[in-house]
Amino acid sequence: MRTNMDHHTEKSVEDIDIDSKEQIRELLQSFNQVKYSLFNLLRKNADALGTTFMQYHVLRTLHNHPDIRLSELADLILLGNSTTSGVVDRLVKSGLVIRKRLESDRRSVTLRITDEGDALQDRMERAYMQSLSPLNQLSDKDRQDLLRIQQQVNEILQQQGEIS
5 MRTNMDHHTE KSVEDIDIDS KEQIRELLQS FNQVKYSLFN LLRKNADALG
55 TTFMQYHVLR TLHNHPDIRL SELADLILLG NSTTSGVVDR LVKSGLVIRK
105 RLESDRRSVT LRITDEGDAL QDRMERAYMQ SLSPLNQLSD KDRQDLLRIQ
155 QQVNEILQQQ GEIS
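Residue numbers (the numbering used here): 5 to 168.
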């Protein structure tokens, strides 16, 4: 049985009418605008707390996933090991994260957020949620619809091999 998604993946660029192409461009522009606005808001909050959004992202991830390896952290935050390592190094120097050698395998190191890191992560979380609270102007249904549609877009793009 053919699904609606199968039908879309079989269309070539030539098969898409001008109006559909324009709508796709507008959709991409909208995603970019939201991403830009969100990034600026999060960066502003991070700056006010003397940190970066990426450091907050790492702290939040370590708060939710204590004692994970660097490669696991990189996978969770969708960055490469090298980039993640640089962020972690700065957090370790600041006393917000510790590296811990496993007793069972002295070559393996896990990462854990410190109490100070946890406190900063909590302050940042509250600041971000406060900044994002105007999104509550959207109805529950609109937020659910938006999430559902974004998930569909992500699935379509993943099927096309655009993201992984």
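C-beta atoms are modelled at their ideal positions from N, C-alpha and C, and glycine is treated no differently.
The structure presented is a predicted model; accordingly, all values stated were derived computationally and were not measured.
For residue i, three-class secondary structure by DSSP
i, result
"Gln154", "helix"
"Thr200", "Look at the range of the chain in this structure, 5 to 168, and you will see that residue 200 is not part of it."
"Thr87", "helix"
Rounded straight-line distance, which links the Cα of residue j to that of residue i
i, j, result
"Phe43", "Leu53", "15 Å"
"Lys39", "Ser86", "24 Å"
"Ser98", "Met133", "24 Å"
"Ser41", "Ser137", "14 Å"
"Ile28", "Asn158", "14 Å"
"Asn36", "Glu30", "10 Å"
Sequence-distant residues of its chain with Cβ nearer than 8 Å to residue i (five each side left out)
i, result
"Arg147", "Leu139"
"Leu74", "Asn85, Thr88, Ser89, Val92, Val113, Leu115"
"Val101", "Val62, Leu63, Leu66, Val92, Leu95, Leu115, Arg116, Ile117, Thr118, Gly121"
"Ala50", "Thr56, Phe57, Gln59, Tyr60, Met128"
Same chain only: Cβ atoms within 6 Å of residue i, ignoring 5 sequence neighbours per side
i, result
"Met128", "Leu53, Tyr60"
CB contact flag (residue i, residue j, <7 Å)
i, j, result
"His69", "Ile117", "no"
"Leu45", "Phe57", "no"
Residues that residue i bridges to, as DSSP identifies them
i, result
"Arg105", "Val113"
"Ile72", "Leu115"
Any C-beta of chain C under 7 Å from that of residue i
i, result
"Asn85", "Protein chains in the displayed structure number just one, and chain C is not present."
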